[in-house]
Amino acid sequence: MIFSSVEFLFYFLPIFLLVYQVSGRHNAVLLVGSAVFYAWGELRNAWVLAASLAGCYLGGLALGREADRRDRQRWVLVVSLLFQLSLLVAFKYLGFLADTLHDLGWQVSIEPGSVPVLPVGISFFTFHAMSYLVDIYRGQLPVERKLSRLTNYILLFPHLLAGPIVRYAAIRRQLIRRHWTVARLRFGMELLIIGLGQKLLLANPLGAVVDAIYQLESQALTTALAWLGAIAYAFQVYLDFSGYSHMALGLALLLGFSFPRNFRFPFHALSVREFWRRWHISLSSWLRDYVYAPLGGSRRGGGRTIANILIVFGLCGLWHGAGWNFVCWGLYNGGLIVLERLGLGRITARWPRVCQQIYAWLAFTTGVAMFRAEDFAQVGTVYAAMAGWSSATAGAMHPGRFLDGYTVLVLLLAFSSMLPLSRWFGGRHFVRPRWAPVRWVFLTLVLVLSATSLASGSHNPFLYFHF
3 MIFSSVEFLF
13 YFLPIFLLVY
23 QVSGRHNAVL
33 LVGSAVFYAW
43 GELRNAWVLA
53 ASLAGCYLGG
63 LALGREADRR
73 DRQRWVLVVS
83 LLFQLSLLVA
93 FKYLGFLADT
103 LHDLGWQVSI
113 EPGSVPVLPV
123 GISFFTFHAM
133 SYLVDIYRGQ
143 LPVERKLSRL
153 TNYILLFPHL
163 LAGPIVRYAA
173 IRRQLIRRHW
183 TVARLRFGME
193 LLIIGLGQKL
203 LLANPLGAVV
213 DAIYQLESQA
223 LTTALAWLGA
233 IAYAFQVYLD
243 FSGYSHMALG
253 LALLLGFSFP
263 RNFRFPFHAL
273 SVREFWRRWH
283 ISLSSWLRDY
293 VYAPLGGSRR
303 GGGRTIANIL
313 IVFGLCGLWH
323 GAGWNFVCWG
333 LYNGGLIVLE
343 RLGLGRITAR
353 WPRVCQQIYA
363 WLAFTTGVAM
373 FRAEDFAQVG
383 TVYAAMAGWS
393 SATAGAMHPG
403 RFLDGYTVLV
413 LLLAFSSMLP
423 LSRWFGGRHF
433 VRPRWAPVRW
443 VFLTLVLVLS
453 ATSLASGSHN
463 PFLYFHF
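Residues 3 to 469 in our numbering are what the sequence shown spells out, letter by letter.
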């Protein structure tokens, strides 16, 4: 079940919220509701989620038992983490590993039907489990002995399928007791509507343009089309995933939880380094705390710091997808951050602010072309076209054939996310009481248009469901 579906918005959510509030047994209803939510469309792989949960719970108990024997506790942690990673590797990376070994000359072959189907949300619920286990080992978190409470943390449906990656410490007390206020409930509804509008009214139309361009033969891909595809995809990814994150935060507020923000105006960043502090914050901070810091961070000299950055971003790319194009995308971002640390950052810091902002945005937009490409051959074709070395033949299609009036409007609205005005609109100023009439007219319009889009019956999966 996905947030932007008729089943969720008009059936599951109203019934669930009614039972949730009326019953008074919030945790029990939340557990059952989250299980139904996941099993609705993913019943065949629900056992993988159950296995991850069992490993998380039993691993936590074992870590607690060995708290006074540090060496044994370390081995418990290693085994527990390897179990979570084995689930992730088996279901997400098995085919990729087999193909890579085959390319290196190893006699490895996997029948197409033998590759497991990727369970939805596995990249997120395994990361939730691993952060819980590591925090116990570090002494930052007590062992959760109540299985139902830990189950609610892992299964909590607002973050189950595509994040954000919420640390157990951040919501541990909220799992015991939650507080509702009219302001929080109202803000939750606003976030839910805004996120739905971002997905249906903005991201989806851009996705149609991107799909059409990336389905073209290389002979039809002009420089203008290659750049249009990259720009449209950069904004599609942002609007799609930030839209999901807004819906997740809104749903959490309706349930009495408070999740940390996952995006902070990333296109206002003045460097690639700053961009990654604003983009998918829950993943960036997870990799910082559980990979970068244990590797030594920036404390062991310049060479080691560079290696650590590249390792972390290579893993970041691999987390996003099982393919070398994803790894290269991660290394591309890590490489730019390394260059900024080595001196590029000091150069760009002297530029006018708007030029710094354009640089960071262009760096992201250029990189996502390899993120979207199906394989390295298409990566080469797209970048050659973007560089002006297009192999397009005479009579190739004009970009205008992929754009209508509404899509142009969407692109203009997407570009407005780079303007200072977007901070005002997305910040505290627009929620002040004097703007309430304007805000509610705007939200009503977004809701009506989104409902109209849903009525078309089209399938609306979020991009990050594939991760």
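Beta carbons: idealized from backbone N, C-alpha and C, even for Gly. Since this is a predicted model, take the numbers as computed values, not measurements.
Only residues of its own chain outside the window of five on either side were considered, and among them Arg280, Ser419, Ser424, Arg425 and Gly428 have a CB closer than 8 Å to the CB of Phe267, listed in chain order.
Counting only runs of 4+ residues, the alpha helix (DSSP H) found wholly inside the segment 93 to 135 occupies 96 to 105, in chain order. Residue environment analysis places Pro166 among the buried positions, since at least 16 neighbouring C-beta atoms fall within 10 angstroms of its C-beta. Rounded to whole angstroms, the gap between the alpha carbons of Asn206 and Asp213 is 10 Å.
Rounded to whole angstroms, the Cβ separation of Asp242 and Phe85 is 32 Å, and the two are not in contact under 8 Å.
In the structure shown, Ala453 falls within a helical segment according to DSSP collapsed to helix, strand and coil. Taking every protein chain shown into account, the CB of Asp73 has fewer than 16 other CB atoms within 10 angstroms, so this residue is exposed. By the neighbour-count criterion, in which a residue is buried when 16 or more other Cβ atoms sit within 10 angstroms of its Cβ, Pro121 is buried.
Taking C-alpha positions only, Leu208 is separated from Ala234 by approximately 6 Å. DSSP, reduced to helix, strand and coil, places Met3 outside both helices and strands of the structure shown, so it counts as coil.
For the pair Leu449 and Ile195, the CB atoms are nearer than the 8 Å cut-off. By the Cβ neighbour-count rule, Lys201 is buried, with 16 or more other Cβ atoms within 10 Å of its own.
Relative to the Cα of Trp321, the nearest Cα in the group Val293, Gly299 and Glu342 belongs to Val293. Pro160 counts as buried, since no fewer than 16 other beta carbons sit within 10 angstroms of its beta carbon. Contact check for Thr128 against Leu152 fails: the beta carbons are separated by 8 Å or more. Taking the Cβ atoms as the reference, Leu158 lies roughly 14 Å from Gly252, outside the contact range of under 8 Å. The three-state reading of DSSP puts Gly141 in coil, since its state is none of H, G, I, E or B. Segment contact: the segment 174 to 189 against the segment 56 to 75, fewer than three CB-CB distances shorter than 8 Å; contact not assigned. Taking the Cα of Leu445 as reference, the smallest distance to any Cα among Gly197, Pro118 and Phe98 is reached at Gly197. Judged by DSSP in its simplified three-state form, Pro422 adopts helix. Around the C-beta of Arg175, fewer than 16 other C-beta atoms lie within 10 Å, and the residue is accordingly described as exposed. Apart from sequence neighbours up to five positions away, no residue of its chain approaches Ala309 with a beta-carbon distance below 6 Å. Under the Cβ criterion (8 Å, minimum of three pairs), the segment 409 to 417 counts as touching the segment 222 to 241. When DSSP states are grouped into helix, strand and coil, Leu163 belongs to the coil group. In this structure, the alpha-carbon of Asp406 lies about 51 Å from that of Ile178. Contact between Leu317 and Leu289 is confirmed by a C-beta separation of about 7 Å, below the 8 Å threshold. In this structure, Leu257 is the residue among Gln221, Leu257, Arg147 and Leu135 with its C-alpha nearest to the C-alpha of Thr183. Phe404: not part of any alpha helix (DSSP H); DSSP gives it neither H nor E.
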